[in-house]
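Worksheet: one structure, shown below.
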Amino acid sequence: NSQSDLDSIQAEITQRLNEIDRVSGQTQFNGVKVLAQDNTLTIQVGANDGETIDIDLKQINSQTLGLDTLNVQKKYDVDSTGVTQSLDLKTAGITGATLKAGITGTTTETGSVKDGKVYYDADSKNYYVEVDFTDTTDKAAHAGFYKADVDADGNVSLATGATKEAKPTNAVEVEKTIDEKPLKASSSVQDALKASGIADAVAEAATVVKMSYTDKNGKTIDGGYGIKVGDDYYAATKEKDGSYSINSTSYTDKDGNTKTALNQLGGADGKTEVVSIDGKTYNASKAAGHNFKAQPDLAEAAATTTENPLQKIDAALAQVDALRSDLGAVQNRFNSAITNLGNTVNNLSSARSRIEDSDYATEVSNMSRAQILQQAGTSVLAQANQVPQNVLSLLR
15 NSQSDLDSIQ
25 AEITQRLNEI
35 DRVSGQTQFN
45 GVKVLAQDNT
55 LTIQVGANDG
65 ETIDIDLKQI
75 NSQTLGLDTL
85 NVQKKYDVDS
95 TGVTQSLDLK
105 TAGITGATLK
115 AGITGTTTET
125 GSVKDGKVYY
135 DADSKNYYVE
145 VDFTDTTDKA
155 AHAGFYKADV
165 DADGNVSLAT
175 GATKEAKPTN
185 AVEVEKTIDE
195 KPLKASSSVQ
205 DALKASGIAD
215 AVAEAATVVK
225 MSYTDKNGKT
235 IDGGYGIKVG
245 DDYYAATKEK
255 DGSYSINSTS
265 YTDKDGNTKT
275 ALNQLGGADG
285 KTEVVSIDGK
295 TYNASKAAGH
305 NFKAQPDLAE
315 AAATTTENPL
325 QKIDAALAQV
335 DALRSDLGAV
345 QNRFNSAITN
355 LGNTVNNLSS
365 ARSRIEDSDY
375 ATEVSNMSRA
385 QILQQAGTSV
395 LAQANQVPQN
405 VLSLLR
């Protein structure tokens with residue numbers, strides 16, 4: 015297939031995966047989202063406590079199906095660029111005492127950096143300070159320009175073995191470092207790295223980097239910020255105050271203890287990464303299978319091509335089939351339970367009808383008996399009434 019065909023296929027795959035995620039998140043039964051998480055749903059099927067059927071629900075989305083990394087496009091290259099900083103130059107560390115100790119032949123501690131100014135020579139790439147003395151002897155002998163060193167925090171000190179020189183022709187006054195320094199991770203970030211088991215020396219050497227991605231067309235797409243620790247990268251966020259914090263995920267273990275895990279790019283579990291799109295930081299499992307855009311005019315950066323996409327799709331279908339089989343078996347159990355309940359209702363209705371028929375027959379029998387007795391009594395009384403009449407007729 016051509017690249018355009020692959021792009022179209024990938025677009026369709028992405029839409030289908032989004033639909034799977036939507037169905038997973040929105041499918042409900044009786045207020046319970048049945049596909050959104052692993053869960054056990056208990057249904058009461060009997061009249062007594064404990065007469066239930068449990069349904070083992072599974073989370074079904076693109077990630078659990080192993081399809082979140084499904085991609086038929088070409089891969090992108092991941093790179094990083096160190097975030098740099100310009101430091102304010104500070105000459106407070108150069109005192110009369112340090113000048114006396116550093117400049118051979120000085121006899122007093124009256125030296126200082128003139129006007130506190132620092133100079134930089136682009137040709138030699140050296141920093142210079144102009145030293146002046148209030149003592150006339152030292153001033154005459156040692157006042158002038160000296161090479162200086164600048165540490166990682168912008169502190170200026172006299173270079174070891176520095177000697178008086180003429181001011182370099184192209185030296186200019188500077189207030190910040192000319193060569194931007196790699197931005198070291200803050201102490202809080204270093205502490206977080208150390209707490210996660212990273213060696214102190216490695217954590218203290220960590221720097222802030224900017225992730226970048228090269229798409230299939232060779233265009234570079236900006237990613238999020240990260241913390242580079244040795245050869246590893248950890249997700250980071252630039253705060254409103256300009257500082258950088260390392261991203262972490264909190265979870266609770268089986269004993270109820272809260273744990274914190276740092277989000278690593280390309281970690282052993284392959285679940286974390288450092289891509290920031292629209293203000294969101296994505297995990298590696300997401301980044302590995304999705305397209306990202308940093309700017310509208312840049313082409314999409316495709317993830318690593320899946321070696322055997324049909325095999326992954328077949329595996330996902332098998333997983334869905336297994337769940338459907340389980341749910342089908344549970345549905346059959348429900349049908350059996352419903353049938354049994356229906357039979358029980360019919361049997362109870364028949365029994366009740368027979369009991370009612372028996373009660374009716376008893377009442378009819380009792381009523382017939384009462385009627386017979388009543389009729390017999392009436393007949394006897396009628397006959398008893400006729401006897402006196404017969405006697406009277408004879409007397410006549």
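Numbered per the numbering used here, the sequence shown spans residues 15 to 410.
We put the beta carbon where it would ideally sit given N, CA and C, even for glycine.
Here the structure is a predicted model, which is why all the values come from computation and not from measurement.
- Comparing C-alpha distances from T353 to each of G60, A136, V203 shows the shortest one belongs to G60.
- Spanning the alpha carbons of A220 and L207 requires a straight line of approximately 9 Å.
- Distance between A213 and L81, taken at the CA atoms: about 36 Å.
- Each of K198, N349, S202, Q73 was checked against the Cα of G244, and the nearest Cα belongs to K198.
- When C-alpha distances from S201 are compared across I241, T191, E179, the shortest belongs to I241.
- Going by DSSP, T66 is part of the beta strand (DSSP E) stretching over 66–71.
- Distance from the CA atom of G107 to the CA atom of N85, rounded to whole angstroms, is 58 Å.
- V145 is a Cβ neighbour of G125, given a cutoff of 8 Å.
- No Cβ-Cβ contact shorter than 8 Å links Q77 with A50.
- Taking T105 as reference, the option from A217, N357, K190, A154 with the minimal CA-CA separation is K190.
- In the pairwise beta carbon analysis, the segment 146–156 is classified as not touching the segment 57–71: fewer than three pairs are separated by under 8 Å.
- Beta bridge pairing from DSSP links K104 with N169.
- In the structure shown, the three-state DSSP call for D246 is strand.
- For V186, the closest C-alpha among the options Y142, V222, S363 is that of Y142.
- Ranked by Cα distance from A162, the options Q388, T112, S38 are led by T112.
- T177 and A250 have their C-alpha atoms some 45 Å from each other.
- The segment 334–363 is shown to contain no whole alpha helix (DSSP H) run of 4 or more residues.
- Taken through DSSP and simplified to helix, strand or coil, S22 comes out as helix.
- Following the DSSP letters along the chain, one finds D205 inside the alpha helix (DSSP H) bounded by residues 201–209.
- The beta carbons of I67 and V344 sit closer together than 8 Å.
- When rounded, the separation of the alpha-carbon atoms in N322 and N32 is 21 Å.
- In this structure A136 does not touch N75 by the C-beta definition: roughly 57 Å separates them, more than the 8 Å allowed.
- One Cα belongs to A375, the other to V48, and the distance between them is close to 55 Å.
- Here T120 is buried. Its C-beta has 16 or more other C-beta atoms within 10 Å.
- In this structure I69 is buried. Its beta-carbon is surrounded by 16 or more other beta-carbon atoms within 10 angstroms.
- For G110, the uninterrupted alpha helix (DSSP H) run begins and ends at 110–116, by DSSP.
- Assigned with DSSP and collapsed to three states, D129 falls in strand.
- Distances from the CA of D340 to each of S259, T148, L71, N53 were compared; the closest alpha carbon is that of L71.
- For V164, the enclosing beta strand (DSSP E) covers residues 158–164.
- Under the three-state reduction of DSSP output, G391 falls in the helix class.
- When the five nearest sequence neighbours on each side are left out, the beta carbons in the same chain lying within less than 7 Å of the beta carbon of L101 are those of D167, G168, K190, T191, K195, in order along the chain.
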